[in-house]
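K.L.:
Submitted below is the structure of interest, expressed as structure tokens.
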């Protein structure tokens, strides 16, 4: 595998890996935000 | 011991591997096992369908936390020896199997299977999973160990944020019946197995002698101890280990004092005021505490890379005690002050968890830091019992004495202040480890350890 192809595959892996954990995390934060709003009378 | 794909030798990173692939690997484990804090979502349904008391329905969670401490303490050396991939795999198998056994228990209405599955088997998955990425992250990020472990341990705090609404929605869809709860357990087991697999596939350890480009281990900053490596067996013989054990135990106890009773506490506090707190708003308070607990893990742990571990714990314990004092003195005069102080205390609680691996690395080096961390987590098991015990027992006895509002908690808060002061003093006693505990220089890898 050439160096350029390796760099490309690493970048793709990086994006997939971070999205893998970031998407469920974003869902959790969104749900938490909905609850916090209730504390201050939303 | 570990063979094939799981063997440590198969996880050594190639030269062009990015260290920024390691945090998501760690997060895939910690975001999963952090589900433990969302166990309470299952309890009303279990109590209703299996006719359990509140004490009984909490058993799987309590056993899981005990097993977390025990498996981290006793499995730490194995984790160091076999490497992070093996540890993550064991964690995934135990955690998922725990859910599958629990599913069987729910389908057959056998509660003991849920205790065995979620509590015992799953609890081993929690402990091994919790320590699995710690030493690997520290080795990849010797320049920012606090930030690196902060990211992973933030995941443990964030796991419940995902699991709590997800489980609720699942129970609503499947129905609160033995079959519905069993189906929810089954889905949890399968989904978490897939989700954790990313970490198993992705995790790598750096090759011997690897260091970040342009980074050199610090050599001398006055009170620096460089190139220190201490084995786990020797670490527990040092006063430094036990000072940190007290620091972690009392910092966690103080945090759990609020976290474990947050919802009834804010309701009780403001019941007799013109602005009482409704149940839905109390849920918002709990969510806010979860958020600060999670953010504190990343923010404060990263800050410790700049100001030093000892100074960071001075803040956790010293300012934490002052915040408790403010709540105790202002009682229910201001909801904003109460909420802000509680948020500060919970951010220090999370920060205390996340900063301890880097503190251990500073004192004992990277050699067996995962195993040492595992042994230190027994402090968590003790605090997990001590914190709720103090607050619940005192609140119950004050209620029996006819007291109301903030009076239910004042004594508990003074005890927490006392514990934080003791923790502060224990932190002050931390000094560089005596040379007689160091590993021979030939085995030592420079770690740039320091105690600031």
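Protein chains in written order, with my numbering: chain D, 73 to 114; chain R, 8 to 459.
All C-beta atoms, glycine included, are put in the ideal place defined by N, C-alpha and C.
1) Taking only three categories from DSSP, how would you classify residue 445 of chain R?
2) Does residue 31 of chain R have its Cβ less than 8 Å from a Cβ in chain D?
3) Examine the Cβ distances between the region 70–84 of chain R and the region 127–139 of chain R and report whether three or more of them are shorter than 8 Å.
4) Taking buried to mean at least 16 other C-beta atoms within 10 Å of its own C-beta, is residue 277 of chain R buried or exposed?
5) So with CB distances below 8 Å, who are the chain R contacts of residue 108 of chain D?
6) In whole angstroms, what is the alpha-carbon distance linking residue 342 of chain R and residue 326 of chain R?
7) Would you identify the three-state DSSP class for residue 210 of chain R, choosing helix, strand or coil?
8) I'd like to check one pair, residue 213 of chain R with residue 146 of chain R: are the Cβ atoms closer than 8 Å?
9) Could you give the uninterrupted runs of the alpha helix (DSSP H) lying entirely in the region 275–350 of chain R, keeping only those of 4 residues or more?
10) Of all Cβ atoms in chain R, is any one closer than 8 Å to the Cβ of residue 87 of chain D?
11) Taking the beta carbon of residue 402 of chain R as the centre, do at least 16 other beta carbons fall within 10 Å, making it buried, or is it exposed?
12) So does the region 273–293 of chain R actually touch the region 376–387 of chain R, counting three or more Cβ pairs closer than 8 Å?
13) Applying the criterion that 16 or more other CB atoms from any shown protein chain within 10 Å of the CB defines a buried residue, is residue 419 of chain R buried or exposed?
14) Along chain D, in chain order, which residues have C-beta atoms closer than 7 Å to that of residue 169 of chain R?
15) With DSSP collapsed to three states, give me the class of residue 440 of chain R.
16) If we ignore side chains and look at the alpha-carbon of each, how far apart do residue 242 of chain R and residue 120 of chain R end up?
17) Ignoring anything shorter than 4 residues, give me the alpha helix (DSSP H) runs that lie fully in the region 124–200 of chain R, in order along the chain.
18) Which residues, in order along the region 261–291 of chain R, keep a beta-carbon less than 7 Å from a beta-carbon of chain D?
19) Alpha carbons only, please: which of R/39, R/103 and R/164 is nearest the one belonging to residue 304 of chain R?
20) Should residue 96 of chain R be labelled buried (16 or more other beta-carbon atoms within 10 Å of its own) or exposed?
21) Should residue 147 of chain R be flagged as near chain D, meaning a C-beta pair shorter than 8 Å?
22) Would you say residue 25 of chain R reaches chain D, if we count a Cβ-Cβ gap shorter than 8 Å as a contact?
23) Here's a check: name, in chain order, each residue in its chain whose Cβ is nearer than 6 Å to the Cβ of residue 256 of chain R, leaving out the five neighbours to either side.
24) Sorted by chain position, which residues of the same chain lie with C-beta nearer than 7 Å to residue 39 of chain R's C-beta, five sequence neighbours on each side aside?
25) Would you call the CB atoms of residue 139 of chain R and residue 98 of chain R closer than 8 Å?
26) Less than 7 Å separating the Cβ of residue 54 of chain R from some heavy atom of the ligand FMN?
P.N.:
Quick answer:
1) strand
2) yes
3) yes
4) buried
5) 291, 294, 295 and 298
6) 20 Å
7) coil
8) yes
9) 286–314, 316–321 and 327–337
10) no
11) buried
12) no
13) buried
14) 96, 97, 99 and 100
15) coil
16) 38 Å
17) 129–138, 141–147 and 152–181
18) 287, 288, 290 and 291
19) R/164
20) buried
21) no
22) yes
23) 386, 389 and 390
24) 102, 166, 199, 202 and 203
25) yes
26) Judged by which ligands are present, the structure shown has none, so any question about the ligand FMN falls away.
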